[in-house]
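See below for the structure under consideration.
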Amino acid sequence: MNEPNEARASPSASRGSVSRRAALIGSAGAAVVGIAGIAAGIGVGSHEVPPAPGTVSSRQRFANKVVMITGGTSGIGRVAAIAFAREGAHVTLCGRREALGREVERGIGATGGTARYFRADVRVEADVQRFVEFTASQFGRLDVAFNNAGITRDGTMRKMSRVNWDQVLDTNLGGCFNMCKAAWEGMLARGFGRVVNIGSINGQAGQYGQVNYAAAKSGIHGFTKALAQEGAPKGITVNAIAPGYIDTDMVAAVPPEVLDKIKSRIPVGRLGKADEIARGVLFLVADDAGFVTGSTMSINGGQHMY
Ligand SMILES: NC(=O)c1ccc[n+]([C@@H]2O[C@H](COP(=O)([O-])OP(=O)(O)OC[C@H]3O[C@@H](n4cnc5c(N)ncnc54)[C@H](OP(=O)(O)O)[C@@H]3O)[C@@H](O)[C@H]2O)c1
């Protein structure tokens, strides 16, 4: 993630370096990609180099679809913004780091796609409401809500402060509520909507030093199933993705021997990539997935199966 957390600041917060690193990496942020990287179609740091066609893809699954992404300034959200725009979507993205948001906007524009950045803090209901209004003012409506914004504030229960509990719950779960609340009436009125929420393997299996993060992400999975029941008769699907350990620059900075231990617990033998999560999001949003709702798609290399 993009902000410091207790476990990193205090090595004694977790039971060992591998566990501590694992907790961090399980919700790790991805790299900042320069504008040249976006224009070239580069997703995350040096890990992802998809084709660089120079213009949006000829595969226009999302032509004229309007896609809102929370946390589009970096990592998975940023890669998803690029992927949606490449397939013809009009994308709006939010996050607090305006310089990065503008960079994504310009980068997508340079490749012939359409993206607009709006500064919004997902914890603030009024901000999210304005984000939805901004999207409607730019593109006339909203078809897809991708609830991706998230943070970590790791620490064992003994060290977990109420502040860090609230920050993670307010961002990771409260932000999802704020976005769905703001977008819901419009989707109901149009009789169409696609919602994808980002959960986590650590919300499914738990993780040492992450009671706040695991609770928030587990909440995402329950929220998804409940809202899916409300949306199903109205043409709105609501699904979740539970990523495993995703390769980011933060992960790349982990000592090789620690990374090897993490990878040894992943049956496919490697970390995931941000674009592998983005592909899952695009699948759940596409017309082909109209019968998929209330599901949680695990993209974790087989690390957690149930
Ligand atoms: N990477 C992994 O291994 C992994 C594994 C499982 C789940 N996930 C989940 O995947 C999602 C994306 O994470 P990532 O790995 O791509 O991390 P990241 O690079 O740190 O991205 C997090 C995004 O969330 C945004 N964000 C955070 N707090 C926000 C707030 N209050 N308001 C608006 N935006 C906010 C950030 O934007 P600003 O900083 O500009 O506000 C940033 O764009 C998160 O929900 C994370 O928990 C990641």
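Under the working numbering, the sequence shown has 199 at position 199, and the numbering climbs by one with no breaks. Using N, Cα and C, we set each Cβ at its ideal position, and we do this for glycine too.
Separation of residue j from residue i, as counted between CA atoms
i, j, result
"V163", "E257", "33 Å"
"M68", "Q129", "12 Å"
"P267", "F177", "34 Å"
"V192", "D287", "Here residue 192 turns out to be Phe, not Val, going by the sequence shown. F192 and D287: Cα-Cα distance of roughly 11 Å."
"F223", "A215", "12 Å"
"G155", "G101", "29 Å"
"F283", "A226", "21 Å"
"T293", "A228", "6 Å"
"Q60", "R96", "30 Å"
"G269", "G109", "36 Å"
"D275", "T152", "21 Å"
"L169", "S298", "21 Å"
"I201", "T92", "27 Å"
"I82", "A89", "10 Å"
"E125", "W184", "14 Å"
"V196", "V285", "8 Å"
"G113", "Q167", "34 Å"
"I277", "K159", "32 Å"
"I220", "T111", "33 Å"
"S218", "Y208", "14 Å"
Coarse secondary structure for residue i, derived from DSSP in three states
i, result
"L227", "helix"
"N323", "Because the chain is modelled from 1 through 306, residue 323 falls outside the range shown and cannot be assessed."
"G235", "coil"
"T156", "coil"
"K273", "strand"
"R279", "helix"
"Q210", "strand"
"G193", "strand"
"T171", "helix"
"F62", "coil"
"A182", "helix"
"G290", "coil"
"H304", "coil"
"P256", "helix"
"R78", "helix"
"L188", "helix"
Cβ-Cβ separation, residue j to residue i (assumed contact under 8 Å), whole Å
i, j, result
"V104", "Y117", "6 Å"
"V122", "T70", "5 Å"
Residues bridged to residue i (per DSSP)
i, result
"C313", "No statement about residue 313 is possible, as the shown extent of the chain runs from 1 to 306 and does not include it."
"P243", "I299"
"I198", "I241"
query = Taking one C-beta from the region 119 to 138 and one from the region 187 to 202 each time, how about it: are there three or more such pairs within less than 8 Å?
reply = With the rule of 3 Cβ pairs closer than 8 Å, the region 119 to 138 does not count as touching the region 187 to 202.
inquiry  = With three or more C-beta pairs closer than 8 Å as the rule, is the region 73 to 80 touching the region 291 to 306?
reply    = These segments do not touch.
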